[in-house]
Amino acid sequence: MEGGRGGKRWRFATPNLAVAAAGERSIQRYLLQLHACLDEHGPRPVIPLSHGDPSSSACFRTAPEAEEAVAAAVRSGDYNGYSSPATSLPARRAVAEYLSCDLPYKLCTDDIFLTSGGTQAIEIVMSVFGQPGANILLPKPGYPKHEAHAVFHRMEVRLYDLVPERGWEINVEAVEALADENTVAIVITNPNNPCGNVYTYEHLSKIADTASKLGLLVIADEVYGHLVYGSTPFVPMGVFGETVPVLTLGAISKRWVVPGWRFGWIAICDPKGILKETKVVDSLRSFRNLTTGPATFIQVKLDISQLSDICDDIDFCSKLVKEESVVLLPGRALGMENWLRITFALDPPRLKQGLERVKSFCRRHQSRANMLNISASAKVEPHFGMSKS
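Sequential numbering from 12 applies to the sequence shown in our numbering.
Now the structure itself:
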């Protein structure tokens, strides 16, 4: 593509069209256009009836208990670092217990993946299933971010109709006609956004039976769960987990009126273990683990020839943690075979103790032919650098 001064061809002049397409379906795009039409100095105050954020109104203040719980967590200093299995365990347990109240089976902490709000939950699920050739069934009308993330991850979107004459129920017959061998999942939103309806137990049962018949996963966006009006009670799709595997997406944003707190989850409602057997759970866990770590480390080159009964960096780290209870990151995790990554973001006494254990481990596994001197050997070449995140 030609562009810029002098007709120069820039290699970056063809951006990802999927991103542009996703932006076309963004609510924010339309809100920006409308706000550009506002007269900021007009005689009447602006009344926003477009974007559903009740937290902007003083009468929709979250509960004091919620505020105090967050304040106490901040004051404790226990949650200021990178998330880890240990620090996330209480939250995952709480979500599992909360969701289990409405299910005929119990969820455990391993069934819960925490996310940065409902939006990241959508992004992660679409990332796991998105691949060329796959298609996904989405409701029409529907929440734009479902479609945007599906398109971004190169899935074909097939829209099924919600029927207003039936209280915005799903046209199940149309769903069957849309699905083929490349359809991976059907997304349902209940309580529905933007229609506001709540599906009955009988209708959800019919959806579950249809998805099971077609061999589809059900992705249930239930961020409005338990925030309903009228006589129809909210029934979580996970109730039908024995019929069809369900991934439930949720967040605290709506019920607690805190969309800015960005806390959500993906729950695996699959008592038969189908998602585990088909490696979907592994994919979710792998994607969730793609997080950046602290930029406080050194990288050390490992010379295997100086060690006995150690075959590579993974073997080194595995035996080290078993024998010395010291955890190092094998370089293989960063694409650097036979390197070690050692963080120094630790209080000095524990850092010194940990390095002494590594030293003892290396001496214990030293090759008989070559004495390994950890502190001075030219075979161990430390490389100091910052992570590129």
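We treat Cβ as the ideally placed atom computed from N, Cα and C, and that holds for glycine.
Source: prediction; values computed, not measured.
Exposed or buried, what is residue i when buried is set at 16 or more other beta-carbons lying within 10 Å of its beta-carbon?
| i | result |
| --- | --- |
| Asn91 | exposed |
| His122 | Reading off the sequence, residue 122 comes out as Asp, not His. By the 10 Å Cβ count, Asp122 comes out buried. |
| Arg103 | buried |
| Arg352 | buried |
| Ile133 | buried |
| Leu43 | exposed |
| Val57 | exposed |
| Thr303 | Residue placement at Thr303 is poorly supported in this model, since its pLDDT is 48, which falls under 50; the coordinates are not used for a value here. |
| Pro155 | buried |
| Gln131 | buried |
| Pro305 | Confidence at Pro305 is low in this model, with a pLDDT of 49, below 50, so the placement of that residue should be treated as unreliable; the coordinate-derived value is given next. It is exposed - the Cβ of Pro305 has fewer than 16 other Cβ atoms within 10 Å. |
| Phe124 | buried |
| Lys363 | exposed |
| Pro247 | buried |
| Trp21 | exposed |
| Pro202 | buried |
| Pro341 | buried |
| Phe163 | buried |
| Ala80 | exposed |
| Val332 | exposed |
| Val85 | exposed |
| Gly88 | exposed |
| Tyr116 | exposed |
| Ile263 | buried |
In this structure, does DSSP put residue i in helix, strand or coil?
| i | result |
| --- | --- |
| Arg169 | strand |
| Lys363 | helix |
| Arg72 | coil |
| Glu180 | strand |
| Gln39 | helix |
| Pro54 | coil |
| Leu340 | strand |
| Gln142 | coil |
| Cys328 | helix |
| Glu348 | coil |
| Thr243 | coil |
| Tyr154 | coil |
| Leu110 | helix |
| Thr289 | coil |
| Ala190 | coil |
| Gly252 | coil |
| Lys117 | coil |
| Thr489 | It is not possible to answer for residue 489, since the shown part of the chain is limited to 12 through 400. |
| Ser297 | helix |
| Ser66 | helix |
| Thr211 | coil |
| Leu100 | helix |
| Pro270 | helix |
| Leu45 | helix |
| Ser388 | Any answer about Ser388 is weak, because its pLDDT of 44 lies below 50 and its placement is not dependable; what the coordinates show is given next. DSSP places Ser388 in coil when its eight states are reduced to three. |
| His160 | helix |
| Ser371 | helix |
| Ser87 | helix |
| Ser95 | coil |
With DSSP as the reference, please indicate the residues paired to residue i in a beta bridge.
| i | result |
| --- | --- |
| Cys280 | Val257 |
| Leu318 | Gln377 |
| Ala196 | Ile147, Leu228 |
| Gly236 | DSSP output for Gly236 lists no bridge partner at all. |
| Ile133 | BP columns for Ile133 are empty, so no partner. |
| Gly275 | Thr126, Ala262 |
| Val174 | Glu180 |
Looking only at C-alpha atoms, which of the options sits nearest to residue i?
| i | options | result |
| --- | --- | --- |
| Glu158 | Val136, Leu340, Asp64 | Val136 |
| Leu260 | Lys312, Ile279, Thr194, Ile353 | Ile279 |
| Leu215 | Ala47, Gly252, Val85, Gly153 | Gly252 |
| Thr289 | Phe140, Leu110, Cys373 | Phe140 |
| Pro75 | Phe163, Glu176, Phe245, Trp267 | Trp267 |
| Tyr107 | Ile277, Gln364, Arg361 | Looking at the sequence shown, residue 107 is not Tyr but Ala. Among Ile277, Gln364, Arg361, the Cα nearest to that of Ala107 belongs to Ile277. |
| Val269 | Glu78, Asp50, His52, Leu118 | Glu78 |
| Phe372 | Thr354, His52, Phe355, Asp326 | Asp326 |
| Leu286 | Val257, Gln310, Leu118, Thr221 | Val257 |
| Lys265 | Asp281, Pro282, Gly236, Gly284 | Gly236 |
| Arg225 | Thr254, Ala190, Pro244 | The amino acid at residue 225 is misidentified as Arg; the sequence shows Leu. The option with the nearest alpha carbon to Leu225 is Ala190. |
| Asn208 | Asn182, Lys330, Phe245 | Phe245 |
The ligand ATP heavy atoms versus the CB of residue i: any closer than 7 Å?
| i | result |
| --- | --- |
| Ala262 | In the structure on display, the ligand ATP does not appear, and there are no ligands present to speak of. |
Looking at chain D, is there any beta carbon in it that lies within less than 8 Å of the beta carbon of residue i?
| i | result |
| --- | --- |
| Leu228 | In the structure shown, chain D does not exist; there is a single protein chain. |
The stretch 286-298 / the stretch 326-337 touching (three or more Cβ pairs under 8 Å)
no
If you pair each beta-carbon of the stretch 145-157 with each one of the stretch 197-216, do three or more pairs fall below 8 Å?
yes
Are there three or more Cβ pairs, one per stretch, closer than 8 Å when the stretch 312-322 is compared with the stretch 264-273?
no
Say whether the stretch 168-177 touches the stretch 228-243, bearing in mind that this needs 3 or more beta-carbon pairs closer than 8 Å, one atom from each stretch.
no
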